[in-house]
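Residue numbers (full-length UniProt numbering): 1 to 593.
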């Protein structure tokens, strides 16, 4: 059975040594002292390791089942969900007035990584509820908040998001689900939605569906879409549950991975729904949920890579295979352990340097969300809006690739279900697809986010990198060569790609869009390069201050050197691809493929 250990020490390093959160002026951060965050993370780690992780294989092998209209989750899920609820984990960063603990989003993100790494399919039930509750919090009436949020924050009731229909995925303007106005202010919702994660299950008393639908007579396309609250059971005025609503499960989708999550086809047959936000402004309300979900999905890419890496590392240390070409390392055994071989080291270093860089990136992104929401900082809001497709797209692409590399360390055993490595790869695969497929994330980045507010936010990012390099160069020649110079070069590649888009994208938009995927990956590498430069600086400062755990900090610096030397130069390749333009991409007629 695979192992999992919560990375509490590394998370604490990022939060306090790198981001220095307790010294921040973001409201609520002054309470995030190392002792406090350490206690929360230690407890979360115990839940992840002892409660959720043992159920990961159970969920994968059993899956969910639909019997007589009722969806049953895998063995142990229901009891575990009760324990998670009792621990208050579902409302960690939600408002106190609705039963939450009002802790900053950054701490919820750190806990979320551990839970997702331990059991992604399970954690999605509360994760989607959190997103639905956030949408109601942002766009609901006071009555809607009072009715739904206390039970959703506690996860007595869970939530979903219903966008996709059989004939349309990303192009939501094609949707057919209708919302007919009723005389009492409610609507009758009719239509079918597919791929609905946590669509129905036996772990909550009620499920609050957020459903996109069109009100007849509204504008065509995406501008005519509205968002509705459609509970599984109608809620009486006194808060008690009333009659069953006209919503049912058509089937449970058979999927490649996340088998423990009940991904459903949902049928709405004149179901009673209530408008959330304004008529025909459904996408505005839904994107409150989508943007949060996209950051959460990026975190899933990191989480699966972390769990897979831990197992690959253990296997590489234990498995005897061949001899070290530079001399025997295990003279008393028939062979040396796998980890002596350079190509295994390359793979493990790819994984380690990605995971630790991605963790810093995700947590930095979470601080931007806190800064935007808790301090009303519009610049932080603009920067995280720019970063969202990078976090979602880059981290899930790379996270999936790292699970494949971890599987490869096992050789044939990685392909055998007995060892459990295929689950990480299968579970990670969905993260590249849902909440907006990664190709769409790249189009969003290049087509919308770069030009947002006149390009203000991407210029702010470049200034951030430039300022860091300027303030931290010239003090240590080795640090400059290993971190500052590669970061400068990578940032220049990214700026050159942006300049190419400006010069060539206006005359032919395909010149920009053909390079969008490469640009998203370039941006991701530069972000991780910036994170590694910051982490190496923090680690060196701890060493200079006489830190007792020299191995930890020296290892951090060595891992960062690897990323800067072996991974970050990929920006040059991506730039070269971008600068070839659209001609080779668009050369064939559709009939010639």
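Ideal Cβ positions, reconstructed from N, Cα and C, are used throughout, including at glycine.
- Contact between residue 47 and residue 90 is absent: CB atoms are separated by about 12 Å, not below the 8 Å threshold.
- At a Cβ-Cβ threshold of 7 Å, residue 58 and residue 74 count as neighbours.
- Rounded to whole angstroms, residue 452 and residue 381 show a C-alpha spacing of 12 Å.
- By DSSP's assignment, residue 77 forms no beta bridge with any residue.
- When rounded, the separation of the alpha-carbon atoms in residue 157 and residue 86 is 14 Å.
- In the DSSP annotation of this structure, residue 527 is not part of any beta strand (DSSP E); the continuous alpha helix (DSSP H) holding it starts and ends at 516-544.
- Going by beta carbons, residue 519 and residue 490 fall outside the 7 Å limit.
- Residue range 157-162 is occupied by the beta strand (DSSP E) that includes residue 161.
- Contact between residue 405 and residue 347 holds: their C-beta atoms lie close to 5 Å from each other, under 8 Å.
- In this model, residue 516 and residue 117 are separated by some 29 Å (Cα to Cα).
- In terms of Cβ geometry, residue 360 and residue 26 do not form a close pair [threshold 7 Å].
- The residue from 399, 272 and 112 with its alpha-carbon nearest to that of residue 187 is 272.
- The residue from 323, 43, 448 and 558 with its alpha-carbon nearest to that of residue 513 is 448.
- A distance of 7 Å or more separates the beta carbons of residue 305 and residue 322.
- Here the alpha carbons of residue 409 and residue 344 stand approximately 7 Å from one another.
- Annotation: residue 119 to residue 56 spans about 5 Å, alpha carbon to alpha carbon.
- Here the alpha carbons of residue 417 and residue 62 stand approximately 14 Å from one another.
- Within the model, the alpha-carbon separation for residue 11 versus residue 532 is close to 14 Å.
- In the DSSP assignment, residue 226 falls within the beta strand (DSSP E) that extends over 225-231.
- Counting along the chain, the unbroken alpha helix (DSSP H) around residue 349 starts and ends at 342-375.
- Across the structure, residue 547 and residue 566 are spaced so that their CA atoms are roughly 28 Å apart.
- Here the alpha carbons of residue 4 and residue 49 stand approximately 6 Å from one another.
- DSSP lists 228 as the bridge partner or partners of residue 275.
- Remark: C-beta atoms of residue 252 and residue 240 do not approach each other more closely than 7 Å.
- In this structure, the CA atom of residue 141 is about 43 Å from the CA atom of residue 529.
- In this structure, the beta-carbon distance from residue 104 to residue 45 does not fall below 7 Å.
- Take residue 265, set aside five residues on each side of it, and the residues of its chain with a beta-carbon closer than 6 Å to its own are 194, 250 and 251, in chain order.
- Rounded to whole angstroms, the gap between the alpha carbons of residue 397 and residue 66 is 32 Å.
- Residue 201 sits in coil when the DSSP states are folded into three classes, being neither helix nor strand.
- Short of 7 Å from the beta carbon of residue 181, and not among the five residues preceding or following it, lie these beta carbons of its own chain, in chain order: 187 and 215.
- Segment contact: the region 281-292 against the region 220-237, three or more CB-CB distances shorter than 8 Å; contact assigned.
- For residue 16 and residue 543, the gap between their C-alpha atoms comes out near 15 Å.
- Assignment of beta-bridge partners to residue 269 by DSSP yields 190.
- Exposure of residue 331 is indicated by the presence of fewer than 16 other C-beta atoms within 10 angstroms of its C-beta.
- Counting along the chain, residue 54 sits inside the alpha helix (DSSP H) bounded by residues 54-62.
- If you draw a straight line from the Cα of residue 299 to the Cα of residue 183, it comes to about 44 Å.
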